[in-house]
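Let me begin by presenting the structure, written as structure tokens, before commenting on it.
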Amino acid sequence: MTDVLAITDHRRGDLRDVSYEIITAGRELADETGGDLHLAVISGTVDDFADKLNRDGVDTIHTVSHGEEFNHDVYTQAITQLYDELAPQYVLTPNSVNGLDYAPAVANQLDLPVVTDTIDLETDGETLIATREMYGGKVETTNELEGDAVVTIRSAEWPQAEGTGDASIEAFDADIDEDAIGSTVSGFEEVGGGDVDISEAELLVSIGRGIEEEENLDLIRDLADALGATLSSSRPIVDNGWLPKNRQVGQSGKVVTPDVYIAIGISGAVQHVAGMKGSDTIVAINTDPNAPIMDIADYAIVDDLFDVVPELIEEFQ
Amino acid sequence: MKILVTVKEVATVEDEFEIEGTEIADQYLGADLNEWDDYAIEEAVQLQEDGIADEVVTVTIGPEDCEQTIRQALAKGADRAVRVWDDSLEGVDLLDVNAKTEILSAVIEEEDPDLVLTGVQAGDDSFAATGVSVAENLGFQWGAVVNHLEHDLDDGVASVRRELEGGVEELTDLELPAVLTIQTGINEPRYASLRGIRQAQRKELDVKALADIGVDESTIESELTMTAMYEPESESDATFWEGSAEETASELGELLRDKGVAQ
Ligand SMILES: Cc1cc2nc3c(=O)[nH]c(=O)nc-3n(C[C@H](O)[C@H](O)[C@H](O)COP(=O)(O)OP(=O)(O)OC[C@H]3O[C@@H](n4cnc5c(N)ncnc54)[C@H](O)[C@@H]3O)c2cc1C
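Chains as they are written, first to last, in our numbering: chain A, 1 to 317; chain B, 1 to 263.
Here you go:
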């Protein structure tokens, strides 16, 4: 009972990056436990996926052919059956929106502890030490647990596995109880189209909750006008209905890669950073010198945006 | 139908703080209604206003201190509240997902709702797992990260949208009873009106110990132990511009001109 079972993620015919990252995380753990790394790929074109997933470090890939797209009932049933068959020590899943839709259910069904959104993992074969964040990234914690566990990993924390592996690919004949499937996915929809494509902009002035009131947004509009920049924002601004969805930067919004990204009153939560870390130059304006955004900023102004922004507007008028 | 909403009071942390052991020192902590739960409450209250729900009950795991936060939910329109607390939970740093699942499941079984709404995650520990875990435990259906719910709930089916990554939404039908974890942006949470706040004082807030809901202390022992808390080592190699707002703004202006992105 030293093996690791890692579950991969795909959507609409494509494997998602975290599927290659979880190979790296899983291999590291399996090296520490002295076991094998098993991958599972469930639903969709599993044979094609398995070929792509056959990278260095993978021992066995289990394919579960059932349906096209993600269904949490199918995943939960398939993974619990794989667990019963393989008896791994750890079940690793992506901390993706879909991972969070089945990992806690798998843990509950198998009566295992679940630890989510981990950014580092270590084990001596008995005790797992999981590092995660709390309070929106203000602190990190280490957490220990004994024995088997279900663990979800944050995306982009482990490098993607490369190379060509020599894993054996095995079809797993999961016994899916159709009657137990109480959810049906009926389709997908892209959201956030509209007037502007923020992913095309060279200069983004991006505003977050630090703006406090909708009226104050005029100040940021004035700045964007003065600089000839495009206006974007963090999620709360869109949730409040102050800007349309197509302006949201982040995990559930748009990925942007401007020459310069000015983050104003944005703390830099992981889901926001996922959308803007590829910007060429990042400037943060924030009253909190320890805000997580500072970790990825190239330049920072620790000051009140209501003092700095008017000065900046004046410079360019 | 009856809706149950899980409500958590989360700790908020000041910009500057100190850590003592595996906790943030008390004087740097505040308390607030969990942001995601606020949206869950609003969704339930709207279902009630639409004539779909007959009753909205909130359930909270927390000490007496958090009653202020529970009253906020009542002031926004929930009908009554249940708070579970026990001396045995007092010194626990971290109540793990399984412990929360045991406690919430016991209350849900007693209340027997058709729909359970939780926040996607709690802003403090960010596990984002309790709702789905509870659903599986109770044999309910579930949907994680829901940003739209059709309010007709026809034939015992909830039609929801799940917000996936990258601006893609998944349309899913779920059989009731179900647990939905509610994402911010699904609605516009209301402020509690003065009238609501006055009424909330008179609403029922039931306090239960573990024994009252038939949960044995031993079953909620956290399997996860927090062993350290620290401020992440700053990886920042940012250039911090110092000076007055005028000076720092002018530094930024210069950078933008240098990069050729603004004139
Ligand atoms: C499943 C999921 C998906 C998500 N997807 C996204 C996403 O796509 N995009 C996204 O952005 N978020 C997303 N989030 C939300 C994310 O977790 C954060 O809640 C959000 O990014 C916080 O936005 P913020 O930085 O504007 O606000 P806060 O975190 O509240 O930060 C406000 C900042 O403003 C600063 N500030 C306050 N006043 C001033 C002032 N006067 N001058 C200067 N600075 C000031 C504060 O110091 C603070 O750092 C998602 C969350 C979940 C759970």
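Positions of the beta carbon are idealized from the N, C-alpha and C atoms, including for glycine.
Computed from a prediction, not measured in an experiment: that's the story for all the values here.
Taking residue i and residue j to be in contact with their CB atoms under 8 Å, please state how far apart those CB atoms are, rounded to whole angstroms.
{"i": "V139(A)", "j": "Y39(B)", "result": "Going by Cβ atoms, the distance from V139(A) to Y39(B) rounds to 25 Å, so no, they are not a contact pair."}
{"i": "A269(A)", "j": "I153(A)", "result": "Not a contact, Cβ separation roughly 18 Å."}
{"i": "E43(B)", "j": "I186(B)", "result": "6 Å"}
{"i": "V160(B)", "j": "L149(B)", "result": "5 Å"}
{"i": "T335(A)", "j": "S279(A)", "result": "Residue 335(A) lies beyond the range of chain A shown here (1 to 317); nothing can be said about it."}
{"i": "L223(A)", "j": "V309(A)", "result": "5 Å"}
{"i": "L305(A)", "j": "I264(A)", "result": "5 Å"}
{"i": "L94(B)", "j": "V59(B)", "result": "Not a contact, Cβ separation roughly 20 Å."}
{"i": "L115(B)", "j": "A178(B)", "result": "6 Å"}
{"i": "K245(A)", "j": "G192(A)", "result": "4 Å"}
{"i": "L180(B)", "j": "V157(B)", "result": "Their Cβ separation, rounded to whole angstroms, is 13 Å, which puts L180(B) and V157(B) out of contact at 8 Å."}
What does DSSP give as the partner residue(s) for residue i in the beta ladder?
{"i": "K245(A)", "result": "DSSP, once it has assigned bridges, lists no residue as partnering K245(A)."}
{"i": "E122(A)", "result": "I129(A)"}
{"i": "E170(A)", "result": "H62(A)"}
{"i": "T239(B)", "result": "Y299(A)"}
{"i": "G30(B)", "result": "T12(B)"}
{"i": "H38(A)", "result": "L5(A) and T60(A)"}
{"i": "K2(B)", "result": "E55(B)"}
{"i": "A149(A)", "result": "Y90(A)"}
{"i": "F188(A)", "result": "E170(B)"}
{"i": "I24(B)", "result": "I19(B)"}
{"i": "G119(B)", "result": "I182(B)"}
{"i": "T60(B)", "result": "R83(B)"}
{"i": "T141(A)", "result": "R132(A) and M229(B)"}
{"i": "T230(A)", "result": "L204(A)"}
{"i": "S183(A)", "result": "L174(B)"}
In angstroms, rounded to a whole number, what distance separates the CA positions of residue i and residue j?
{"i": "L320(A)", "j": "A128(B)", "result": "No answer is possible for residue 320(A): the residues shown for chain A start at 1 and end at 317."}
{"i": "E349(A)", "j": "T22(B)", "result": "This structure cannot settle anything about residue 349(A), because the visible part of chain A is limited to 1 through 317."}
{"i": "A78(A)", "j": "L5(A)", "result": "12 Å"}
{"i": "G260(B)", "j": "D225(A)", "result": "16 Å"}
{"i": "M5(B)", "j": "L138(B)", "result": "Here residue 5(B) turns out to be Val, not Met, going by the sequence shown. Approximately 15 Å, taken between the alpha carbons."}
{"i": "V64(A)", "j": "D14(A)", "result": "16 Å"}
{"i": "D307(A)", "j": "N54(A)", "result": "54 Å"}
{"i": "W241(B)", "j": "S267(A)", "result": "18 Å"}
{"i": "E170(B)", "j": "L176(B)", "result": "18 Å"}
{"i": "L243(A)", "j": "I237(A)", "result": "6 Å"}
{"i": "A50(A)", "j": "D101(A)", "result": "23 Å"}
{"i": "I119(A)", "j": "Q271(A)", "result": "14 Å"}
{"i": "A135(B)", "j": "P94(A)", "result": "20 Å"}
{"i": "L145(A)", "j": "L174(B)", "result": "34 Å"}
{"i": "L112(A)", "j": "V196(A)", "result": "47 Å"}
{"i": "A103(A)", "j": "R198(B)", "result": "42 Å"}
{"i": "K2(B)", "j": "A53(B)", "result": "6 Å"}
{"i": "S133(B)", "j": "Y299(A)", "result": "42 Å"}
{"i": "I108(B)", "j": "R221(A)", "result": "47 Å"}
{"i": "Y135(A)", "j": "T116(A)", "result": "14 Å"}
{"i": "L39(A)", "j": "T8(A)", "result": "7 Å"}
{"i": "A245(B)", "j": "E311(A)", "result": "7 Å"}
{"i": "W158(A)", "j": "T164(A)", "result": "18 Å"}
Any idea what DSSP makes of residue i, helix, strand or coil?
{"i": "D206(B)", "result": "strand"}
{"i": "P365(A)", "result": "Examination of residue 365(A) is not possible in this model, given that chain A is present from 1 through 317 alone."}
{"i": "F17(B)", "result": "coil"}
{"i": "M226(B)", "result": "strand"}
{"i": "E311(A)", "result": "helix"}
{"i": "S159(B)", "result": "strand"}
{"i": "R11(A)", "result": "strand"}
{"i": "A178(B)", "result": "strand"}
{"i": "S155(A)", "result": "coil"}
{"i": "S218(B)", "result": "helix"}
{"i": "G45(A)", "result": "Correcting the residue identity first, residue 45(A) is Thr in this sequence and not Gly. DSSP places T45(A) in coil when its eight states are reduced to three."}
{"i": "D377(A)", "result": "Because chain A here runs from 1 to 317, residue 377(A) falls outside it and cannot be looked at."}
{"i": "S244(B)", "result": "coil"}
{"i": "S234(B)", "result": "coil"}
{"i": "K274(B)", "result": "With chain B running from 1 to 263 in the structure shown, residue 274(B) is simply not present."}
{"i": "A161(A)", "result": "coil"}
{"i": "L110(A)", "result": "helix"}
{"i": "F316(A)", "result": "helix"}
{"i": "L74(B)", "result": "helix"}
{"i": "N71(A)", "result": "coil"}
Tell me whether residue i counts as near ligand 3, meaning its Cβ is closer than 7 Å to at least one heavy atom of that ligand.
{"i": "T287(A)", "result": "With respect to ligand 3, the structure shown offers nothing to examine, as its ligands consist of ligand 1."}
So which residues of chain D does residue i contact, with C-beta pairs closer than 8 Å?
{"i": "I19(B)", "result": "Here chain D cannot be found, since the structure's protein chains are A and B."}
What are the complete alpha helix (DSSP H) segments, minimum 4 residues, inside the segment 236–307 of chain A? Uninterrupted alpha helix (DSSP H) stretches at least 4 residues long and entirely within the segment 236–307 of chain A occur at 270–276, given in chain order.
Scan the segment 123–160 of chain B and note each continuous beta strand (DSSP E) run of 3 residues or more that stays entirely inside, going in chain order. The qualifying runs are 141–149.
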